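Below is one structure, written out as structure tokens; the observations come after it.
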Amino acid sequence: MKKGFVFDLDGVITDTAKYHYIAWKELAAEIGIEIDLKFNEQLKGISRMDSLERILTLGNKNDAYTEVEKEALATKKNTHYVQLLQSLTPDDLLPGVKTFLDEAKAKNIPCAIASASKNAPFILDKLGVMQDFDTIVDPATLKKGKPDPEIFIQAALALGIEPAEAVGFEDAQAGIDGIKAAGMYAVGVYSGEELHGADVIVEKLTDLNIDELLAK
Ligand code: B16
Ligand code: MG
252 MKKGFVFDLD GVITDTAKYH YIAWKELAAE IGIEIDLKFN EQLKGISRMD
302 SLERILTLGN KNDAYTEVEK EALATKKNTH YVQLLQSLTP DDLLPGVKTF
352 LDEAKAKNIP CAIASASKNA PFILDKLGVM QDFDTIVDPA TLKKGKPDPE
402 IFIQAALALG IEPAEAVGFE DAQAGIDGIK AAGMYAVGVY SGEELHGADV
452 IVEKLTDLNI DELLAK
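Residue numbers (this note's numbering): 252 to 467.
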């Protein structure tokens with residue numbers, strides 16, 4: 252029996268990947284690196300600094316900046332990204348999310364957010380769903396990012412359950428790998444990219460039957 256749900260944010264609750272892409276593309280262009288949508292797939296679920304490193308690797312510029320300069324580049328990208336987030340409203344919830352969260356609440360199933368994003372509380376507030384989550388893992392407390400299972404294990408423990416008693420929801424391969432490494436049941440949310448290793452793949456959360464999911 253499963254007793255709790257652990258959700259990724261970007262790609263599962265809302266689609267912020269398009270805003271990350273706009274902000275990274277502009278920052279990369281400023282330092283002479285061109286990124287496209289295909290490359291952007293690699294950045295899903297990956298932390299801000301790891302995303303910057305991947306962009307610098309693409310442009311063969313890993314050694315071109317000091318750590319302080321890299322922090323400044325990441326901060327510049329984030330400032331632009333947060334500006335783009337200002338327009339978020341509850342209409343930006345992905346299809347089926349609110350219905351699914353309401354059903355979980357009605358069944359007293361605790362819910363957590365396991366997102367690599369340091370902007371998660373701000374985003375959930377803009378979307379009007381902050382109160383639907385019992386806990387949000389602070390990614391600043393993590394030693395390793397996805398695909399390491401740490402964030403998912405921490406989320407389950409914060410809900411007061413064992414990882415094996417949790418269902419994890421992810422749109423990115425790094426996240427599915429982390430959920431499975433945590434020993435959890437993995438729901439892949441299909442966003443156009445192939446996902447390997449998920450226990451089930453859906454296009455929207457309401458394609459799932461909660462009672463059947465809890466019985467896994
Ligand atoms: P921030 P998730 C991830 O969110 C994004 O998919 C990834 O592209 C981003 O770099 C990361 O959050 C960090 O975000 O710069 O806001 O701290 O999919 O783990 O919810
Ligand atoms: Mg995601």
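Think of the CB as a built atom: it goes at the ideal place given N, C-alpha and C, for glycine as much as any other residue. Computed from a prediction, not measured in an experiment: that's the story for all the values here.
Secondary structure at residue 290, three-state DSSP: helix, strand or coil?
It is helical.
Taking just the CA atoms, how far does residue 315 sit from residue 421?
Whole-angstrom Cα-Cα distance: 34 angstroms.
Count Cβ pairs between the stretch 286-293 and the stretch 388-400 that sit closer than 8 angstroms; are there 3 or more?
Touching, no, given that fewer than three Cβ pairs across the two stretches are closer than 8 angstroms.
Kindly identify the DSSP beta-bridge partner or partners of residue 438.
According to DSSP, residue 438 bridges with 420, 451.
Taking a cut-off of 5 angstroms, which residues have a beta-carbon closer than that to any heavy atom of ligand 1, in chain order?
This criterion selects 259, 260, 261, 271, 294, 295, 296, 299, 302, 366, 367, 368, 369, 370.
Is the closest heavy atom of ligand 2 to the C-beta of residue 454 under 7 angstroms?
Proximity of the beta carbon of residue 454 to ligand 2 is not indicated: no heavy atom of the ligand is located closer than 7 angstroms.
Which term fits residue 317, buried or exposed, when burial requires 16 or more other beta carbons within 10 angstroms of its beta carbon?
Residue 317 should be labelled exposed.
Is the beta carbon of residue 418 sitting closer than 8 angstroms to the one on residue 440?
Going by C-beta atoms, residue 418 is not nearer than 8 angstroms to residue 440.
I'd like to confirm the pairing. Which residues does DSSP put opposite residue 256 in its beta bridges?
Beta-bridge pairing links residue 256 to 362, 418.
Would you please state the rounded distance, in angstroms, between the beta carbons of residue 463 and residue 254? I believe it to be under 8 angstroms.
With a Cβ gap of about 15 angstroms, residue 463 and residue 254 do not count as contacting.
Integer Cβ distance of residue 406 from residue 427, believed to fall under 8 angstroms:
Not really, about 15 angstroms apart at Cβ, beyond 8 angstroms.
Let me check understanding here. Comparing Cα to Cα, which of 456, 263, 270, 460 lies closest to residue 339?
It is 270.
Is it the case that the CB of residue 422 approaches a heavy atom of ligand 2 more closely than 7 angstroms?
Relative to ligand 2, the beta carbon of residue 422 is positioned inside 7 angstroms of a heavy atom.
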